[in-house]
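Protein chains in written order, with the working numbering: chain A, 1 to 547; chain B, 1 to 798. In this text, a Cβ means the ideal position worked out from N, Cα and C, and glycines have one as well.
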């Protein structure tokens, strides 16, 4: 039993409650909120430090032994994902304090934000599939409100689509969880893995589990925004306040990816299927042999649809939103290879995690840049932009770094994401694995599309002759011409603060690239933990209950 | 002796550090930053010289990513030293020249920082011994090139050119990266340990090649590397970005787009040549087929295009692509002459082409135009420049005794011997080489002729260039003359080492001589010059003829523009179709995918449905469920919202009764409460919605009905197959046994759970953590209502 495991969740929960209580005093509220995010980072760092060596820490809530109560599991994989969430969250929150208007901050922004972090942390830490559902709901409920935060027509419309699709997802998830419980007799993930590995001992009929796991998979694909579940992404990302979008794209999407890694590589991979798969295009006798091709189709469709979608968009937010669909495809692509080719399994999961980490940093950075541009110029439409680089070079440099990182230019952290994705695909290709050539082709085409849409956005928004709006709102010397009721000094200070946050993100993108060894070590430890079903089960040690 | 780590690291990283502080320096020095940057380049040149004179040869490495086996490893040999000399030496001249050229131009701090960063990257490319390190510097050169091409950020043409170069070179780089990764994989098969080190790969060339060949990967790897080298070195059909890159300030064109960056591709071909071309290589192996053909094709096509140019920088750009093709072709041939031609031409081309670009810069700067038709008779105004131009042009044309002649003669020699050995179609090599060289001769003479003859009418006053702009091309002109006069001294001192780097096995030098007899390849040179001289009077006609041929799909640009515009058009067409804003569409796709996944999962393992006869359903349950089904159907055809909601509540209440019949009173109570509440809320809200949305089209209704049927079947099958199994329910049993009055079953529930009702204890204790989460959701629902009302009533969006 280790309280280090539950600490991040408790810190986020306490911060959420404290920000509800301190509403009367805005400065105090903001202080508590920021302090909470920093404390969260501290709690995550403490957990990370203990588990990065390969140890798995377990916290049995209420001291009820697994599988009677709910188990929280902190291993290298959970710690890696929490680390991503914590790092991005601190920066995003600092930006939000400056970006979101005082009225909204005082009203409900901060509690909702921290409840979202509660949901995210719970999802990463839980070792129980029903509890996972609960944390998904916490995360979703707060994100529903944050998406329609501004309450305008287009926000409500986007939120409606987002809510309906996710409610549908929740219903589907309940069907799957109910089915899994009825079939296997447990909700505890470790117990589930144990029962699936030795079904005879527990009278479990494994056959329906594959279909049930597939139903559950669709929910995670929905969270991750993979094609054909991507529909909610563009409108919701455009509608939400920029810092919220940064979190949704940078962190919340990754919860879906994490769930796929945890449940399919740690838990369902252990299932011993009584017979081989028999559908055209499928072969093998592991659950992963079924999900490999599924992951590939979804990832490939996402990479291509998102990439093609982004090339023709005429505003910064939409380019980034479609890019997000494409980039999640890149995150999942190595998982598809890892699922079907056992020899690169650890490398594939590592690639997925490294890519996810970089995408978390870089895409959050880009959405914050878009938000800052909107704040200073009043629009992100290309028709209203142009020449921002000449007027606001630091802001533009931050965008440049983020975009290049997603393109995969060294030595930025994004390069290593691409590097590892290519490495996984190339190794599979070299060993003659089926579908590896297609994977490589998709990855390369997707990368070319990435260059195409980021250079187009760069040319349209940052280079070129300054537009009238840019002339009007950005001074020749980069100063901000005020709009609304804010005084020049205040507006400039707030914008300057936002740019500082952006620079911090850009520096992180560079630093994690140059110091990649640290990131790689963490990701590889996480990948090892992800495929170590035995270690996971032993750590949780579900009690043997005899009938 | 092995090189000193400090010196090598200083060579590579000094320019980056200098680039980082350039904005500060610019505040202090203003336009004189040019000389600061030139001093940095000079320091690098001195450091490279230090390595050279110390006779350095071998590897140094600094740890970078030990867990991947990737290091910042550098390797010093002849090829590396030559490219490093070019990068730093030409750098000194270019940066000095910029001091005059960039006078009064915008964005100078960025300009010098980018140029210095570029120089560091190029030095890194030249010296890198680790594949990842090489790739890092490789992409950084593309990046600085992007920024420098887009220097005049307001110009549409600059933006177009920058994006084009980025798309082509960075994409090519990514393909090359895949090639590198396959090579690394092969090293793991061939050697005891996987390696990223190029010298190690070359040392075990045979084993690596065998591993690649066994896996059938030799040709794919060659193609991937060729894509990287070909895009960077503007080989056909990727040559198209280079003429557009001339939007950059002329010093950039001279530095990046002729002397150094575009040499990275041919450098790569030379670097990997000993790996793929063993001493006993067949005359027309995979390597030669690929690179000799690619190189000769580029040499010829680009030379023809150069004749079609109307702008002096465009002419030089195509000419650069053509000469890079010559080097690639040289490296492509398996015989020694090819390697000699490639090695020597790297130096020769850099010397005459950089000089010519600087001449072009002077012409553009002082005459105010780059249009070939508007230039002529410049000799009177620009005497020194004219001398440099003539010397460099003759060298470019391959006229003896200038240095360009020697390397071209070596290429002719290589093609001749290859043809002689092959026979048959092999004779195409020398024929194509001569054909391309005729055009090279033509445009070279055309360039020189701009300084002679009469001044065209439109030409305004031509100024004298400042001395900072005159000295660098003059230095390069002198270099051309020096190499021409003493070719063997330069070969002995520098190019011989390059030759040693690009051939397998032990290095040995070579020498060149002016022809003393009528050898076949000297005849080729004579034919080239004779044909060129005969055709030169018809230059304008050839120029016009080529231009009329170039239209539509013949031009690689046509393909590029159509691909890029096509992608944008495709995006604008497809995206609104998919993301049509209709929730109905979104739900259909999502539900269909769920059903496909579920049914696919069951089908993949051949799950069989339990026989329906085994379902123990009592008559009351059956009746209740039938009513629910009828209610559900009625919802679908309800004529109004109110009717729909009321019918829906029939379903809900039937489910509640089902719970009662199934011995779950707690659930039934919850369901009844929720059902009642929802009904009331619905009726309150419906009052504010439009009464009727209109009838769906018949096709839509049928589609929706079919999908709902599939969803129903999927859920039904899911329930059937999952309730059919009867797993060990120890967990449920354990709790159920203790659920009753504690005295019979021990006091676990009461003592530890603090309650007598097992359902309650599960909710608030065993799974109290779930409840905590659900309470948060309820709290947030309240906050949601508050937010919606307050934000909306505020009546404005941020």
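Neighbour flag for residue i against chain A, beta carbons, 9 Å
{"i": "residue 229 of chain B", "result": "no"}
{"i": "residue 620 of chain B", "result": "no"}
{"i": "residue 73 of chain B", "result": "no"}
{"i": "residue 105 of chain B", "result": "no"}
{"i": "residue 241 of chain B", "result": "no"}
{"i": "residue 181 of chain B", "result": "yes"}
{"i": "residue 246 of chain B", "result": "no"}
{"i": "residue 579 of chain B", "result": "yes"}
{"i": "residue 729 of chain B", "result": "yes"}
{"i": "residue 472 of chain B", "result": "no"}
Endpoints, beta strand (DSSP E) assigned at residue i
{"i": "residue 72 of chain B", "result": "70-76"}
{"i": "residue 59 of chain A", "result": "57-60"}
{"i": "residue 376 of chain B", "result": "Residue 376 of chain B -> no beta strand (DSSP E), and no H or E assigned at all."}
{"i": "residue 72 of chain A", "result": "71-74"}
Host alpha helix (DSSP H) of residue i (start-end)
{"i": "residue 63 of chain B", "result": "It is not in any alpha helix (DSSP H) - residue 63 of chain B instead sits in the beta strand (DSSP E) that spans 58-65."}
{"i": "residue 827 of chain B", "result": "Residue 827 of chain B is absent from the structure shown; chain B starts at 1 and stops at 798."}
{"i": "residue 509 of chain B", "result": "Neither: residue 509 of chain B is in no alpha helix (DSSP H) and is coded neither H nor E."}
{"i": "residue 358 of chain A", "result": "345-377"}
{"i": "residue 424 of chain A", "result": "413-430"}
{"i": "residue 501 of chain B", "result": "496-502"}
{"i": "residue 520 of chain A", "result": "516-531"}
{"i": "residue 726 of chain B", "result": "First-last for residue 726 of chain B: undefined, no H or E at that position."}
Beta-carbon proximity of residue i to residue j, cut-off 9 Å
{"i": "residue 194 of chain A", "j": "residue 106 of chain A", "result": "no"}
{"i": "residue 522 of chain B", "j": "residue 366 of chain B", "result": "no"}
{"i": "residue 11 of chain B", "j": "residue 48 of chain B", "result": "yes"}
{"i": "residue 8 of chain A", "j": "residue 47 of chain A", "result": "yes"}
{"i": "residue 299 of chain A", "j": "residue 338 of chain A", "result": "no"}
{"i": "residue 126 of chain B", "j": "residue 73 of chain B", "result": "no"}
Below-9 Å beta-carbon distance, residue i vs any chain B residue
{"i": "residue 141 of chain A", "result": "yes"}
{"i": "residue 210 of chain A", "result": "yes"}
{"i": "residue 137 of chain A", "result": "yes"}
{"i": "residue 274 of chain A", "result": "yes"}
{"i": "residue 70 of chain A", "result": "yes"}
{"i": "residue 249 of chain A", "result": "no"}
{"i": "residue 331 of chain A", "result": "no"}
{"i": "residue 3 of chain A", "result": "no"}
{"i": "residue 489 of chain A", "result": "no"}
{"i": "residue 313 of chain A", "result": "yes"}
{"i": "residue 296 of chain A", "result": "no"}
{"i": "residue 157 of chain A", "result": "yes"}
Exposure label - residue i; buried when at least 16 CB within 10 Å
{"i": "residue 485 of chain A", "result": "At residue 485 of chain A the pLDDT is 45, less than 50, meaning the model places this residue with poor confidence; the figure from the coordinates comes in the next sentence. Residue 485 of chain A comes out exposed."}
{"i": "residue 362 of chain B", "result": "buried"}
{"i": "residue 796 of chain B", "result": "In this prediction, residue 796 of chain B has a pLDDT of 49, which is less than 50 and means its spatial position is unreliable; what the coordinates show is noted afterwards. Residue 796 of chain B should be labelled exposed."}
{"i": "residue 403 of chain B", "result": "buried"}
Next item on the list: Inspect the CB distances between the region 197-216 of chain A and the region 113-126 of chain A and report whether three or more fall short of 8 Å.
Entry: no
Note to self: Measuring CB atoms only, is the region 334-345 of chain B touching the region 282-299 of chain B, in the sense that at least three cross pairs come out at less than 8 Å?
What the structure shows: yes
Notebook entry, point to check: Do the region 158-178 of chain A and the region 230-238 of chain A touch if we need at least three Cβ pairs shorter than 8 Å?
Noted result: yes
Next item on the list: Inspect the CB distances between the region 76-85 of chain B and the region 218-233 of chain B and report whether three or more fall short of 8 Å.
Entry: no
Margin query: If contact is defined by three or more beta carbon pairs under 8 Å, each pair taking one atom from either stretch, is the region 367-381 of chain A in contact with the region 423-440 of chain A?
Written below: At 8 Å Cβ cutoff, the stretches do not touch.
Next item on the list: Tell me, please, whether the region 399-418 of chain A touches the region 337-357 of chain A by the rule of three or more beta-carbon pairs shorter than 8 Å.
Entry: By the Cβ rule, the region 399-418 of chain A counts as touching the region 337-357 of chain A, because three or more pairs are nearer than 8 Å.
Check: Within the chosen definition, does the region 643-652 of chain B reach the region 698-706 of chain B through at least 3 CB pairs nearer than 8 Å?
Finding: no
Next item on the list: Inspect the CB distances between the region 165-175 of chain B and the region 226-234 of chain B and report whether three or more fall short of 8 Å.
Entry: yes
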